[in-house]
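Chains as they are written, first to last, in this note's numbering: chain V, 1 to 397; chain F, 1001 to 1397; chain E, 2001 to 2397.
Here it is as structure tokens:
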């Protein structure tokens, strides 16, 4: 039996036609079939690579990355995904470009895309901006393609916006699917997406929002826990609620970390900034109000410090299902006594889960590659089978 | 009939033997046949790409870029061109190198070129420096190749110097050739290369110089318009004059934007700094005279401000041929009311020409790829035909 | 006869099994057979390239570079080597990453390596740190591979640490092997590795240490010369002593440049900082003691200035073997009257040896590619022959 058979069979059972020539910005814009197609192709690409079979679908072409915030794993994941498919990464470093020199978003989007097959953007800092910017870029390159400026339509992949972090959350989902032995086994499992204390501040909301927006699709019991004042975007909570209803799971909120962790199968304790504070900060940045920003920072740190008890401790872990909930984190974590005095998680907890945490991260390149693949290839089943049949070595042995 | 036939036939009629293993620095160093060969191969490479046929001529090899000024479109155009032909781009970031640490140009040129097939340089800021630097690099890598340091001779492609901007102007030319339905139709067409007001200062002279040096080759009536004091390099004006005589066109100068635009088929309104100011600035930079530089900046801005009436307005556009002259710009433009209060062009004019402007820019990667191709391939006709026959997909469908 | 035959025959006579799936950090960790395997594969890869035969062994994959110090030639050599074998370079720019944000070395090492086949690190500034860091990274990625985070084990190649500069020294060795017509001809040749005056300070010790640690392997008479106070690491001197004994050569020390140069076949005059000063500086940096660093800098410059007579002059060159010793340098050199007033070498000496110096540098990409090749390919003889037989053009002609 061919390696690709099971993936092809799975894909045959799914409807994902609309992913062709499309973007990946928010998981809740995709049908469940489409999400499953992403998981399936990600696993298939991984299988090919493990078996040293080339999965290059491009002979030339560029993958453009634009990081408006520092990044290690997402940067290298995007580069890995592009390279795996045959695209060369070109980073748009805004500092080296003429963007400050009066270019519009429409103009820049087209000027960098003459031979771009994919554009990956990380823009997570300012509320109401990142996702909008990505949609603008997408609109303009589609227009450029229609007008004849661009011979191809570059696919937009969000590498984290102000609302969602789809490549992270899809990698997280791939991880738990593998840990629990199949997507069907997620039903009824309890996950605690919990705020946790950090001595730094202003961390994006996109991970907790992305998690409650995605994992409610699979019939899970998703609990969002945070201290009062650390609310996430209301719109995303409503999506989570709707998802849970449709999938036969649940979405609940609590101001108690203990309650969230109780009997949880999975815990995701992580710091984030209050949505309203991020909104305020976005306004202050827009006004260039440095004094305001500084005083907001102090406020936020003081607010965080009131919740030092929100830590993922050994004691708390013991209260989870059989004391063995799967611990998730998007990394890097603030580890008490290691990267900071007091942080999100006890060093011993983190250390016990280090291997699965690294594995969790290792799905990201495949998740990204899968998103690109499904946007570029009309008949993924046929192409996966063809790649296996061609059996070109990834590396000569 | 094969896709490549018409390009092969055209190339068969041209003499471009000397382009093999040669650089591309100034358009007026090339014969008219050679320029036509660049246009032809650019169109052929575009045709291959549109038809999803790989035009890789390199299996490995580096394309080195060195940008001494910020750049978006030229940077991505160079990267696109290299990638299209199979070269990987490596940027020589002088800040990260040891160049300050006592290396000579000869040494650096050789040390970065061990596996470099092409070196693209942008060095347009200082009068008398950029072009000279490129010639030095070219001389030294040829020497390195002859001496056995380098196994190949890296091709130098100017990505803009103090004198010419050949990749931009060749892309501009490709654009108007396409708009007017053939190079033969340019004869007798009037183009106004005109200074325009900008609230910034010190923009390079290489575009106006490049345009008058190139478009006078095709029998066009080229008018250079600018306020008194904004003269370009005298040597380039003489070249334009000589070109016009030889091609049966004309080259005239005026201090009136109105006169230049009157009945023009094409207009290219764009700001630039006076040649003598740029010379002065180059000296001041060499001396490290900060106070001098600052006071020159103020002078130049004040001088610009005296010519706010030099704008490409709707009124002025109406005076062009049938009120419909083709509007050109190398981008980004200073658009009145959009990127600045008062700038080079009315927003409504710019907006009406946005699509052709983007198309104009989209020729640049192909122009650069063509220059590299003609330097690297002894028998372009044979190789273009072979690429078509091989019919390797650029992207699996 | 096939091009690869002589290299295959040579490799057949060597035992280098342990290089497979291994790192290259210090030359003295390798057997003499293993060093000869590196030389042989480097020459074979060069032969293939000169004959326009592709030596790509990877269809996709990343080569990660991490430069903790500025670099031109090593950066481009690493990029060239990766490109030659089919790997795309991704630079880990620590400024753009989240490393400051609480990541451990273990975490970063894994997070950048999902699809990394090789990691090249330059970390030469701090005594006791660079080599240790590389070993940590290697340990962690091997662990990651064993744990299933990484599907492949990235090969570590030191691009210069605090102890050795193996890619430089192996390139230097390749150069002298070629100049003297074979590795067997190095026996009994005298090389002077000598300190030389420089107006800058704090240059790494890795080159002199690497040279005495490597060239004592080949039966050469290696003389280390420096003013009192400029001692190198004691451990490396002991290795040189042991090497010399084993290889039938000698290792001696002197505080006289004249003595070292006398009748030398090869001279390598180069500035470096005293080991104890580098240790002191490392401590000061660790403490963040800026005042201490500044005063140490002044001290070191003053100490250097006491030894301005340590220059490679024409007079000194006359005292070497037949007045014609081969002059080596890792470049860039401090050239008297050119890059500085008084420096390591007379301009006329440097100029006379410019061609061989550039050639010396040109071996570096092949040395690096060879190290990667031998780590990745179990049967180099078979693969080299196969590459020749496949005869894929590096560049279409």
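Glycine residues also receive a C-beta, built at the ideal position from the N, C-alpha and C atoms.
Next item on the list: Kindly say whether residue 395 of chain V, judged by its beta-carbon, lies nearer than 7 Å to any beta-carbon of chain E.
Entry: What you label residue 395 of chain V is simply residue 395 of the first chain in a count that begins at 1. With 7 Å as the cut-off, residue 395 of chain V counts as an interface residue toward chain E.
Notebook entry, point to check: Where does residue 100 of chain V land, buried or exposed, given buried means 16+ other C-beta within 10 angstroms?
Noted result: Looking up residue 100 of chain V in the first chain gives position 100. Here residue 100 of chain V scores only 48 on pLDDT, less than 50, and its place in the model should not be relied on; the value that follows carries that caveat. Result: exposed.
Check: Which chain E residues are close to residue 304 of chain V, counting only those with a beta carbon under 8 Å from its beta carbon?
Finding: Numbered from its first residue, the first chain carries residue 304 of chain V at position 304. None at all; the shortest Cβ gap to chain E is about 15 Å.
Next item on the list: With 7 Å as the threshold, decide whether the Cβ of residue 1371 of chain F is near any Cβ in chain E.
Entry: One-based indexing of the second chain puts residue 1371 of chain F at position 371. Closer than 7 Å: no.
Checklist line | Span separating the alpha-carbon of residue 1168 of chain F from that of residue 1207 of chain F | finding: Working through the second chain from its first residue, we reach residue 1168 of chain F at position 168. Working through the second chain from its first residue, we reach residue 1207 of chain F at position 207. Going from the Cα of residue 1168 of chain F to the Cα of residue 1207 of chain F covers about 8 Å.
Notebook entry, point to check: Could you give the distance in angstroms between the alpha-carbon of residue 2209 of chain E and the alpha-carbon of residue 1286 of chain F?
Noted result: Residue numbering aside, residue 2209 of chain E sits at position 209 when the third chain is read from its first letter. Residue numbering aside, residue 1286 of chain F sits at position 286 when the second chain is read from its first letter. Computed Cα separation, rounded: 40 Å.
Next item on the list: Compare the C-alpha of residue 1375 of chain F against each of F:1002, F:1009, F:1023, F:1013 and name the closest.
Entry: If you number the second chain from 1, residue 1375 of chain F lands on position 375. Of the listed residues, the one whose Cα sits closest to residue 1375 of chain F is F:1023.
Margin query: Residues of chain F with CB closer than 8 Å to the CB of residue 2086 of chain E, please, in chain order.
Written below: One-based indexing of the third chain puts residue 2086 of chain E at position 86. Within 8 Å Cβ-Cβ: 1060.
Note to self: With a threshold of 7 Å between beta-carbons, can residue 27 of chain V be considered close to chain E, or not?
What the structure shows: As a position in the first chain, residue 27 of chain V is number 27, starting the count at 1. Chain E, which has no Cβ nearer than 7 Å to the Cβ of residue 27 of chain V, makes this no.
Margin query: Once the 5 residues before and after residue 1083 of chain F are set aside, which same chain residues still bring their CB inside 8 Å of it?
Written below: Walking along the second chain from the start, residue 1083 of chain F turns up at place 83. Result list for residue 1083 of chain F: 1089, in chain order.
Check: Between E:2377, E:2300, E:2162, which lies nearest to residue 2199 of chain E when the distance is taken from Cα to Cα?
Finding: Looking up residue 2199 of chain E in the third chain gives position 199. Comparing Cα-Cα distances from residue 2199 of chain E to each of E:2377, E:2300, E:2162, the minimum goes to E:2300.
Check: How long is the line joining the alpha carbons of residue 319 of chain V and residue 228 of chain V, rounded to whole angstroms?
Finding: For the purposes of this step, residue 319 of chain V is identified with residue 319 of the first chain, where counting begins at 1. For the purposes of this step, residue 228 of chain V is identified with residue 228 of the first chain, where counting begins at 1. Rounded to whole angstroms, residue 319 of chain V to residue 228 of chain V spans 22 Å at the Cα level.
Next item on the list: Helix, strand or coil for residue 1044 of chain F, going by three-state DSSP, please let me know.
Entry: To locate residue 1044 of chain F, count along the second chain from 1; it is residue 44. Helix, per DSSP.
Note to self: Give me the chain V residues within the contact set of residue 2119 of chain E, using Cβ-Cβ distance strictly less than 8 Å, ordered along the chain.
What the structure shows: For this step, residue 2119 of chain E is matched to residue 119 along the third chain. What residue 2119 of chain E touches in chain V: nothing, since even the nearest Cβ is about 11 Å away.
Check: Mind checking if residue 1178 of chain F is an interface residue toward chain V, Cβ cutoff 7 Å exclusive?
Finding: Taking the second chain and counting its residues from 1, the one referred to as residue 1178 of chain F is at position 178. No, because no Cβ of chain V sits closer than 7 Å to the Cβ of residue 1178 of chain F.
Notebook entry, point to check: Quick one: is residue 1315 of chain F buried, meaning 16 or more other Cβ sit within 10 Å of its Cβ, or exposed?
Noted result: For the purposes of this step, residue 1315 of chain F is taken as residue 315 along the second chain, with counting starting at 1. With fewer than 16 other Cβ atoms within 10 Å, it is exposed.
Check: Checking contacts by CB at 7 Å: is residue 201 of chain V closer than that to chain E?
Finding: Translated into positions along the first chain, residue 201 of chain V becomes position 201. Judged by the 7 Å Cβ criterion, residue 201 of chain V is not in contact with chain E.
Check: Under a CB-based cut-off of 7 Å, is residue 2134 of chain E close to chain V?
Finding: Numbered from 1 along the third chain, position 134 holds the residue referred to as residue 2134 of chain E. Output row for residue 2134 of chain E: interface = no.
Next item on the list: Report the residue from F:1262, F:1311, F:1258 whose alpha carbon sits nearest the alpha carbon of residue 1322 of chain F.
Entry: Here residue 1322 of chain F is taken as the residue at index 322 of the second chain, counted from 1. Checking every option, the nearest Cα to that of residue 1322 of chain F belongs to F:1262.
Check: When we look at the beta-carbon of residue 1362 of chain F and count the other beta-carbons within 10 Å, is it buried (16 or more) or exposed?
Finding: In the second chain, counting from the first residue as 1, residue 1362 of chain F sits at position 362. It counts as buried.
Margin query: Once the 5 residues before and after residue 2177 of chain E are set aside, which same chain residues still bring their CB inside 6 Å of it?
Written below: Within the third chain, residue 2177 of chain E is the residue found at index 177, counting from 1. Closer than 6 Å at the Cβ level, and outside the excluded window around residue 2177 of chain E, lie 2183.
Checklist line | Validate contact between the segment 1212–1232 of chain F and the segment 1186–1193 of chain F using beta carbons, cut 8 Å, 3 pairs | finding: yes
Notebook entry, point to check: From the DSSP output, which residues share a beta bridge with residue 2090 of chain E?
Noted result: For the purposes of this step, residue 2090 of chain E is identified with residue 90 of the third chain, where counting begins at 1. In DSSP, residue 2090 of chain E forms a bridge with E:2064.
Margin query: Mapping the DSSP letters down to three states, classify residue 2310 of chain E as helix, strand or coil.
Written below: As a first step, residue 2310 of chain E is located in the third chain; it is residue number 310 there, counting from the start. DSSP places residue 2310 of chain E in coil when its eight states are reduced to three.
Item checked: Within 9 Å of chain F by C-beta, residues of the segment 145–179 of chain V in sequence order -> 147, 148, 149, 150, 151, 152
Next item on the list: Go ahead and label residue 197 of chain V buried or exposed: buried means 16 or more other beta carbons lie within 10 angstroms of its beta carbon, across all protein chains shown.
Entry: In the first chain, residue 197 of chain V corresponds to position 197, counting from 1. When all chains shown are included, residue 197 of chain V counts as buried.
Check: Touching or not, the segment 65–82 of chain V and the segment 108–125 of chain V, by the rule of three or more beta carbon pairs under 8 Å?
Finding: yes
Note to self: Between which residues of its own chain and residue 2026 of chain E is the CB-CB distance below 6 Å, once the five residues before and five after are set aside?
What the structure shows: Translated into positions along the third chain, residue 2026 of chain E becomes position 26. Only 2164 meet the Cβ criterion.
Next item on the list: Identify whether residue 2327 of chain E lies in helix, strand or coil by the three-state DSSP scheme.
Entry: On the third chain, residue 2327 of chain E is found 327 positions in, with the first residue counted as 1. Strand at residue 2327 of chain E.
Next item on the list: Quick one: residues in its chain with C-beta nearer than 6 Å to the C-beta of residue 250 of chain V, no 5 flanking neighbours on either side, listed in chain order?
Entry: By one-based count along the first chain, residue 250 of chain V stands at place 250. The answer, listed in chain order, is 221, 244.
Checklist line | Chain-ordered neighbours of residue 392 of chain V on chain E, where CB pairs are closer than 9 Å | finding: As a working mapping, residue 392 of chain V is identified with position 392 in the first chain. The contacting residues are 2059.
Notebook entry, point to check: With which residues is residue 251 of chain V paired in a DSSP beta bridge?
Noted result: In the first chain, the residue the question calls residue 251 of chain V occupies position 251. Per DSSP, V:222.
Checklist line | Helix, strand or coil at residue 2272 of chain E according to DSSP, with G and I counted as helix | finding: For the purposes of this step, residue 2272 of chain E is identified with residue 272 of the third chain, where counting begins at 1. Coil at residue 2272 of chain E, not helix or strand.
Notebook entry, point to check: Who are residue 1195 of chain F's beta bridge partners in DSSP?
Noted result: In the second chain, residue 1195 of chain F corresponds to position 195, counting from 1. Bridge partners of residue 1195 of chain F: F:1270.
Next item on the list: Mind checking the segment 2343–2364 of chain E against chain F and listing, in chain order, the residues whose C-beta falls within less than 7 Å of any C-beta there?
Entry: 2355, 2358, 2359, 2361, 2362
Notebook entry, point to check: What in chain E is Cβ-close to residue 1368 of chain F, meaning under 7 Å?
Noted result: Here residue 1368 of chain F corresponds to residue number 368 of the second chain, with the count starting at 1. Those within 7 Å of residue 1368 of chain F in chain E number zero; the least Cβ separation is about 17 Å.
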